[in-house]
Amino acid sequence: MVKEDKFAFVEAFLVGRSQQQTRRSLQSVIPLDSVHVLKRGKSLLNFSANDYLGLSKHPALIAASQDYAQRYGTGATASRLVTGTYDIHQQLEADLAIACGREAALLFNSGFQANVTVLGALLDRHALVLCDRLAHSSLLNGALASRATLVRYRHNDYAHLESLLQQAETQTYSRVVIVSETVFSMDGDRAEVDLLAHLAQTYNAILYLDDAHAIGVLGAGGIGLAMAHPGVDLAIGTLGKAFGAFGAVVVCSARLQQYLINACSGFIYTTALPPAVIGAIAAALKLMPELEGDRQTLASRAADLRTQLQAEGFDTGPSTTHIIPVMLGEAERALHLSQWLESQGILAAAIRPPTVPPGTARLRLALSSQHTAEHLGSLIGILRSGHEQWRGGDRVSRVGV
Ligand SMILES: *Cc1c(COP(=O)(O)O)cnc(C)c1O
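Residue numbering for the sequence shown follows my numbering, beginning at 410 and increasing consecutively.
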């Protein structure tokens with residue numbers, strides 16, 4: 410019998426987090442438009458959302474959502490293999506497959522759920538999974554839960570990956586799966602998909618790429634960097650970011666799709682996506698070819714912002730996309746700058762360990778095509794004054810010591 414408080418571990422965890430100043434809490438906001446939110450009654454310019462094209466507020470998505478809910482109801486009422494597959498689910502999967510030039514597509518209820526459970530279905534405890542060191546938590550969770558042998562290769566270091574593939578050839582693994590993001594969510598840099606595809610082919614490995622931050626934004630017609638790449642065996646696109654909706658899609662061969670329908674627990678044992686969500690995704694997919702101008706605006710704003718930040722002496726890390734870290738090192742400094750920005754009307758999340766490696770705390774700026782040059786100007790101005798303030802404060806405290 411447990412004698413002490415059975416929730417002592419909860420208390421110890423929370424107290425520990427508070428002491429290390431890494432305890433997190435939820436803070437609610439009310440969206441005003443695609444780049445502004447209301448927080449504690451104050452309007453803030455938001456640089457932390459993943460609504461890269463502003464589609465979550467697009468009238469076509471809202472109208473399709475309402476229309477599908479009106480016609481099909483608010484819930485899908487069952488899992489996909491029971492009676493939760495409506496014609497709109499299958500139509501959308503067919504359209505997504507065509508858009509990606511693939512044999513098949515399969516919807517999932519979230520990117521997290523897809524990564525954890527599709528990897529679970531692909532791996533067994535005799536498999537080897539080679540995962541980029543900076544890959545998203547959901548990919549790591551999937552790899553760990555499968556009990557496969559997990560080796561993390563140095564970020565975007567394909568010589569390292571290749572040496573691991575060579576070592577694997579001398580072993581008796583059931584199969585080898587290479588896992589990476591295409592655009593890294595905290596650094597905004599890119600994997601080299603052609604190189605990964607070449608390595609996968611050379612070493613007969615399965616290539617699994619997460620296109621969460623590229624789908625809708627990069628690649629021909631905004632199709633992403635992996636979704637339509639013939640050398641990628643399975644590509645995951647999340648639909649809650651640039652697609653402005655919710656859920657995820659896995660594209661692959663027809664054979665793999667059949668396998669997942671029969672073997673992937675995260676597909677089988679969950680209620681199908683609701684009609685309103687299917688409507689929003691379908692409307693976003695239909696809009697995608699028309700959004701080339703928005704994608705170009707987003708890319709040029711991102712290039713401008715990087716240039717301006719660098720001119721102010723900020724380190725933007727390896728970013729080449731619309732995700733731009735402002736590398737600050739210590740968590741305290743990132744928090745200070747984030748709080749200063751908020752006091753001046755700008756929302757930019759401080760990202761700290763354990764989300765990123767120790768000593769690499771940063772602000773993560775995520776741009777939208779709806780951010781204007783004026784928005785960037787005010788961000789830069791406020792960052793500059795926050796930076797000067799910090800340096801001033803830093804000097805004082807050093808004199809104090
Ligand atoms: C956001 C994200 C996910 C999770 O997708 P959700 O649909 O939000 O669950 C998975 N992978 C990466 C790389 C992400 O950035």
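Built from N, CA and C at the ideal position, the CB exists for glycine as well.
Query raised in the report: Around the C-beta of residue 522, are 16 or more other C-beta atoms found within 10 angstroms, so that it is buried, or is it exposed?
Result: Flag for residue 522 reads buried.
**Report entry** Cβ-heavy atom distance, residue 730 to ligand 1, below 7 Å
**Finding:** No.
Query - Candidates 634, 591, 429, of which the one nearest residue 509 by Cα - result: Checking every option, the nearest Cα to that of residue 509 belongs to 634.
Query raised in the report: Okay, do the region 786-802 and the region 461-475 touch, 3+ Cβ pairs below 8 Å being the bar?
Result: The region 786-802, when compared against the region 461-475, does not touch it at the 8 Å Cβ threshold.
**Report entry** Sub-8 Å separation of residue 659 and residue 515 beta-carbons
**Finding:** Result yes, Cβ atoms of residue 659 and residue 515 sit closer than 8 Å.
Report task. Using only alpha-carbon positions, find the residue among 577, 774, 800, 756 that is nearest to residue 436. Result -> The shortest C-alpha separation from residue 436 is found at 756.
Report task. Say whether the region 659-675 touches the region 451-465, bearing in mind that this needs 3 or more beta-carbon pairs closer than 8 Å, one atom from each stretch. Result -> Here the region 659-675 does not lie against the region 451-465, with fewer than 3 beta-carbon pairs under 8 Å apart.
Report task. Using 10 angstroms around the beta-carbon of residue 678, count the other beta-carbons present and answer buried if the total reaches 16, otherwise exposed. Result -> Exposed.
Query raised in the report: Mind listing, in chain order, the residues whose beta carbon lies closer than 6 Å to a non-hydrogen atom of ligand 1?
Result: Chain-ordered list of matching residues: 519, 520, 521, 524, 545, 547, 590, 594, 619, 621, 622, 647, 649, 657.
Query - Paired residues, beta bridge with residue 558 - DSSP - result: DSSP output for residue 558 lists 537 as bridge partner(s).
**Report entry** Rounded C-alpha distance that separates residue 791 from residue 641
**Finding:** If I take the Cα positions, the gap works out to 42 Å.
Query raised in the report: Are any of the Cβ atoms in chain C nearer than 8 Å to that of residue 564?
Result: Although the question refers to chain C, the structure presented lacks it and comprises just one protein chain.
Query raised in the report: Any idea if residue 620 is buried or exposed, counting beta-carbon neighbours within 10 angstroms, 16 or more meaning buried?
Result: Of the other Cβ atoms in all chains shown, 16 or more fall within 10 Å of the Cβ of residue 620; this residue is therefore buried.
Query raised in the report: Under a three-way DSSP split, which group does residue 440 fall into?
Result: Residue state, collapsed to three classes: strand.
Query raised in the report: So which of 735, 687, 754, 762 has the shortest CA-CA distance to residue 504?
Result: Looking at 735, 687, 754, 762, the one whose alpha-carbon comes closest to that of residue 504 is 687.
Query - Through-space distance from residue 776 to residue 808, alpha-carbon basis - result: With a pLDDT of 35 at residue 808, under the threshold of 50, the modelled position of that residue is not reliable, and no figure is offered here.
Report task. At 3 residues or longer, and completely inside the region 713-780: list those beta strand (DSSP E) runs for me, N to C. Result -> List check, beta strand (DSSP E) in window: 732-738, 758-760, 770-775.
Query raised in the report: Is it true that the region 761-777 meets the region 720-740, where meeting means three or more beta-carbon pairs spaced less than 8 Å apart?
Result: Yes, the region 761-777 is in contact with the region 720-740.
Query - Which listed residue (481, 429, 488, 762) has its alpha carbon closest to that of residue 680 - result: Considering only alpha carbons, the answer is 488.
**Report entry** Bridge partners - residue 619, DSSP secondary structure assignment
**Finding:** Beta-bridge pairing links residue 619 to 590, 645.
Requested in this report: Kindly indicate which residue of 794, 742, 751, 520 has the alpha-carbon position closest to the one of residue 769.
Outcome: Between residue 769 and the set 794, 742, 751, 520, the nearest pair of CA atoms involves 742.
Query raised in the report: From which residue to which residue does the alpha helix (DSSP H) around residue 455 run?
Result: Taken as a continuous stretch (DSSP letters only), residue 455 belongs to no alpha helix (DSSP H), being part of the beta strand (DSSP E) at 451-455.
Requested in this report: Quickly, what does DSSP pair residue 445 with across the bridge? List them, please.
Outcome: Paired residue(s): 442, 454.
Query raised in the report: Which term fits residue 800, buried or exposed, when burial requires 16 or more other beta carbons within 10 angstroms of its beta carbon?
Result: Residue 800 should be labelled exposed.
Query - Chain-order list of residues whose beta-carbon lies under 7 Å from that of residue 810 (same chain, five-residue window excluded) - result: Its pLDDT being 28, under 50, residue 810 is placed unreliably in this model, and the coordinates cannot settle the point.
Requested in this report: Measuring alpha carbon to alpha carbon, tell me which of 747, 695, 526, 438 ends up nearest residue 502.
Outcome: Among 747, 695, 526, 438, the Cα nearest to that of residue 502 belongs to 695.
Query raised in the report: CA-CA distance, residue 585 and residue 746?
Result: Rounded to whole angstroms, the separation of the alpha carbons of residue 746 and residue 585 is 43 Å.
Query - Distance CB(residue 589)-CB(residue 618) smaller than 8 Å - result: In contact: residue 589 and residue 618 (Cβ atoms closer than 8 Å).
Query raised in the report: So what's residue 416 in DSSP terms, helix, strand or just coil?
Result: It is coil, neither helix nor strand.
Query raised in the report: By the 10 Å Cβ neighbour count, where 16 or more other Cβ atoms means buried, how is residue 427 classified, buried or exposed?
Result: It is exposed - the Cβ of residue 427 has fewer than 16 other Cβ atoms within 10 Å.
Requested in this report: Rank 780, 765, 760, 748 by C-alpha distance to the C-alpha of residue 798 and give the top, closest one.
Outcome: Checked all of 780, 765, 760, 748; the closest Cα to residue 798 is 748.
**Report entry** For residue 689 and residue 653, believed in contact at Cβ under 8 Å, the rounded distance
**Finding:** Distance from residue 653 to residue 689 at the Cβ level is roughly 7 Å; contact confirmed, criterion being Cβ atoms closer than 8 Å.
Query raised in the report: Among 507, 431, 512, 540, which residue has its Cα nearest to the Cα of residue 664?
Result: Proximity to residue 664 across 507, 431, 512, 540 peaks at 512, based on C-alpha coordinates.
Report task. Go ahead and pull the three-state DSSP assignment for residue 808. Result -> Residue placement at residue 808 is flagged as unreliable, the pLDDT there being 35, under the threshold of 50; a coordinate-derived value is accordingly withheld.
Query - For residue 583, three-class secondary structure by DSSP - result: Looking at residue 583 - three-state DSSP - the assignment turns out to be coil, as it is neither helix nor strand.
Requested in this report: May I ask which residues mark the beginning and end of the alpha helix (DSSP H) holding residue 608?
Outcome: If you look at residue 608, you'll find it in the alpha helix (DSSP H) that goes 602-611.
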